[in-house]
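Report on the following structure.
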């Protein structure tokens with residue numbers, strides 16, 4: 055979702071979905087995010103490529119966002135891994151669902167009906183959106199640099215104009231094999247910035263037998279400690295769950311944040327099964 059250069063980086067067809075409910079118990083308008091992505095690697099004219107479809111549904115207060123985009127990555131061999139150079143193109147629908155009560159908060163104060171810069175009715179606008187990314191993956195390492203909302207499209211409402219703020223991301227992770235071959239440690243981080251505020255995620259997971267994992271994550275900005283668990287089922291479906299323990303002041307007013315992820319990767323290569331012949335003429 056944040057780096058188009060990663061499209062096809064698993065050399066398989068991968069389907070991923072996630073749903074996040076943030077600040078549960080905070081009241082109406084708490085952030086809620088869902089996304090789905092499907093990406094695949096393919097070869098064309100002797101070169102390696104990756105492609106992805108991304109769908110995002112995001113709600114925060116009166117704002118409802120729906121995004122649909124396609125990603126493409128040109129992939130080339132570099133050292134022990136592959137480097138993906140990617141671009142993302144799509145559309146983002148930004149809607150204000152003000153409703154009958156207008157902008158009034160639950161206590162009924164703070165009416166902004168007289169402010170000419172604030173829309174007073176439901177509005178919906180569609181904007182062109184694009185992003186760029188570089189992503190490198192080996193068997194045990196990944197590195198990525200990317201930007202979203204590169205063109206900073208303007209959103210012209212009836213009474214005001216907003217725009218999509220450009221964001222920047224740096225990601226990295228490594229899989230470390232322990233002395234016991236059944237255990238792996240997987241540290242990683244994500245640094246994001248919009249040029250005004252920065253946020254850092256530092257994560258460490260321990261995976262057992264490549265099927266069970268658990269770990270912790272720390273996030274700056276909102277200041278939260280996150281617990282993570284996951285399992286890969288026998289059919290290859292991966293299911294993960296995380297819970298955010300907010301340690302900032304907002305934690306006094308919410309019951310934390312829940313996130314559920316589901317993923318599945320497969321390939322279409324079909325190995326021919328050995329042929330059996332009953333006649334010695336075919337030997």
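Numbering (our numbering), first residue to last: 55 to 337.
The C-beta atom is built at its ideal place from N, Cα and C for all residues, glycine as well.
Small disclaimer: the values here were computed from a predicted structure and weren't measured.
Mapping DSSP to helix, strand and coil, what is residue i?
i           : result
residue 241 : strand
residue 220 : coil
residue 265 : coil
residue 59  : helix
residue 118 : strand
residue 304 : helix
residue 315 : strand
residue 101 : strand
residue 76  : coil
residue 131 : strand
residue 192 : coil
residue 231 : strand
residue 336 : The predicted position of residue 336 is uncertain, since its pLDDT is 49 and thus under 50; a value taken from the coordinates is nonetheless stated next. If DSSP states are grouped into helix, strand and coil, residue 336 belongs with the helices.
residue 297 : strand
residue 325 : Any reading at residue 325 needs caution, since the residue's pLDDT is 48, under 50, leaving its predicted position unreliable; the model's value is listed next. DSSP places residue 325 in coil when its eight states are reduced to three.
residue 207 : coil
residue 66  : coil
residue 172 : coil
residue 282 : strand
residue 215 : strand
residue 320 : strand
residue 151 : coil
residue 277 : coil
When DSSP builds the beta bridges, which residues end up paired with residue i?
i           : result
residue 183 : 144
residue 257 : 242, 271
residue 201 : 186, 222
residue 87  : 74, 112
residue 93  : 68, 106
residue 236 : Residue 236 pairs with nothing; no bridge assigned.
residue 287 : BP columns for residue 287 are empty, so no partner.
Do residue j and residue i come within 7 Å of each other at the CB atom, strictly closer than that value?
i           : j           : result
residue 198 : residue 57  : yes
residue 102 : residue 129 : yes
residue 257 : residue 242 : yes
residue 110 : residue 89  : yes
residue 293 : residue 285 : yes
residue 138 : residue 59  : yes
residue 91  : residue 119 : no
residue 271 : residue 255 : yes
residue 275 : residue 259 : no
residue 194 : residue 229 : yes
Got a sec? Which residues, its chain only, sit under 8 Å from residue i by beta carbon, not counting five neighbours each side?
i           : result
residue 232 : 238, 239
residue 249 : 219, 220, 222
residue 171 : 213, 214
residue 291 : 316, 317, 318
residue 173 : 150, 152, 211, 212, 213, 214
Leaving out five residues on either side along the sequence, give the residues of the same chain with a beta carbon under 6 Å from the beta carbon of residue i.
i           : result
residue 325 : Caution is warranted here: a pLDDT of 48 is assigned to residue 325, below 50, making its placement in the model unreliable, and no coordinate value can be reported.
residue 196 : 227
residue 180 : 145, 147
residue 52  : The displayed coordinates of the chain run from 55 to 337. Any statement about residue 52 would go beyond what the structure contains.
residue 336 : Any reading at residue 336 needs caution, since the residue's pLDDT is 49, under 50, leaving its predicted position unreliable; the model's value is listed next. Nothing meets the Cβ criterion.
residue 74  : 87, 313
On the premise that residue j lies in contact with residue i, defined as a C-beta separation below 8 Å, what is that separation, rounded to the nearest angstrom?
i           : j           : result
residue 307 : residue 280 : Wrong, their Cβ atoms sit about 19 Å apart, outside the cutoff.
residue 134 : residue 202 : Not a contact, Cβ separation roughly 28 Å.
residue 311 : residue 78  : 7 Å
Between which residues of its own chain and residue i is the CB-CB distance below 7 Å, once the five residues before and five after are set aside?
i           : result
residue 303 : none
residue 301 : 277, 278, 279
residue 65  : 95
residue 112 : 87, 119
Kindly examine the ligand NAD and report whether one of its heavy atoms sits closer than 6 Å to the Cβ of residue i.
i           : result
residue 169 : Of ligands this structure carries none, so the ligand NAD is not represented either.
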